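First up is the structure itself, then whatever we jot down about it.
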Ligand SMILES: N[C@@H](CCC(=O)N[C@@H](CS)C(=O)NCC(=O)O)C(=O)O
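Numbering (the numbering used here), first residue to last: 51 to 255.
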């Protein structure tokens, strides 16, 4: 059964592309854009039949379709023989805790920033929310720093897909010019220098 990932540049779909490269699975990558008139538009009837919100990422595995970057990353881990998600009860719980924190706390102020600068229709953007997003991000980063140590990998002693989730989110914060420390950036740089990350970066160009 073939695996096809629909994505766009460094967006949340990059987490899934990187996971596919780590897992070394056969897959194809289909870039989509948000321009309604483009042939590969996320608003085309065909794409909307796979992802009703017209968002990225979407993973197609035969006739099985998954959206939501974290669910896709975990599905890819399950398809792989390598161990990208811990199996012991406590380590798995820590993995779930950290990845839930990333998608519900850490990335939300970044997405608020993106929605209110460019992603929402202009009439729904509220510029006054931007300082609040910065405040909330700083609070989430302080919580992150008390939860984990960025000197090595974030769960246990081995790389897991929690590292993909966190490194991509830190990279997103850096692209959006949110305040980060040199520890966050050097962790991001170390993760982005992995062979699979470089391969994924090469694919998105
Ligand atoms: N919770 C979803 C969020 C997906 C999402 O919002 N993706 C953004 C790109 S990072 C998107 O497609 N935005 C287009 C839009 O909001 O119309 C996930 O993690 O996959």
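Using N, Cα and C, we set each Cβ at its ideal position, and we do this for glycine too. As the structure is a computational prediction, the values presented were derived from the model and not from experiment.
For a test of your reading of the model: does the CB of residue 159 fall under 7 Å from any non-hydrogen atom of ligand 1? Yes or no.
For the purposes of this step, residue 159 is taken as the residue at position 109 of the chain shown. Checking the Cβ of residue 159 against ligand 1 gives no.
Return the CA-CA distance between residue 161 and residue 118, expressed in angstroms with no decimal places.
For the purposes of this step, residue 161 is taken as residue 111 along the chain shown, with counting starting at 1. For the purposes of this step, residue 118 is taken as residue 68 along the chain shown, with counting starting at 1. Straight-line Cα distance between these residues: approximately 14 Å.
Closer than 7 Å: is that where the CB of residue 150 sits relative to any heavy atom of ligand 1?
Position 100 of the chain shown, counted from the first residue, corresponds to residue 150. Residue 150 Cβ: outside cutoff for every heavy atom of ligand 1.
Can you check whether the CB of residue 70 is closer than 8 Å to the CB of residue 58?
Start at 1 with the first residue of the chain shown, and residue 58 comes out as number 8. Start at 1 with the first residue of the chain shown, and residue 70 comes out as number 20. Result no, Cβ atoms of residue 58 and residue 70 do not sit closer than 8 Å.
Under three-state DSSP, which class holds residue 81?
Along the chain shown, one-based indexing puts residue 81 at 31. Looking at residue 81 - three-state DSSP - the assignment turns out to be strand.
Mind checking who residue 115 pairs with in its DSSP beta bridge?
Translated into the one-based positions of the chain shown, residue 115 becomes position 65. For residue 115, which the question treats as bridged, DSSP gives the partners 110.
Cutting at 6 Å between CB atoms, please list the residues of its own chain near residue 203, excluding the five before and the five after it.
Locating residue 203 in the chain shown gives position 153, where the first residue counts as 1. Here the set comprises 209 and 213.
Buried or exposed for residue 36, going by 16 or more other Cβ atoms inside 10 Å?
For residue 36 there is no data in the structure shown, the boundaries of the chain being 51 and 255.
Whole angstroms are fine: how far does the CA of residue 231 sit from the CA of residue 158?
Translated into the one-based positions of the chain shown, residue 158 becomes position 108. Translated into the one-based positions of the chain shown, residue 231 becomes position 181. Between residue 158 and residue 231, the C-alpha separation is close to 19 Å.
Mark residue 102 as exposed unless 16 or more other C-beta atoms lie within 10 angstroms of its C-beta, in which case mark it buried.
Residue numbering aside, residue 102 sits at position 52 when the chain shown is read from its first letter. It is exposed - the Cβ of residue 102 has fewer than 16 other Cβ atoms within 10 Å.
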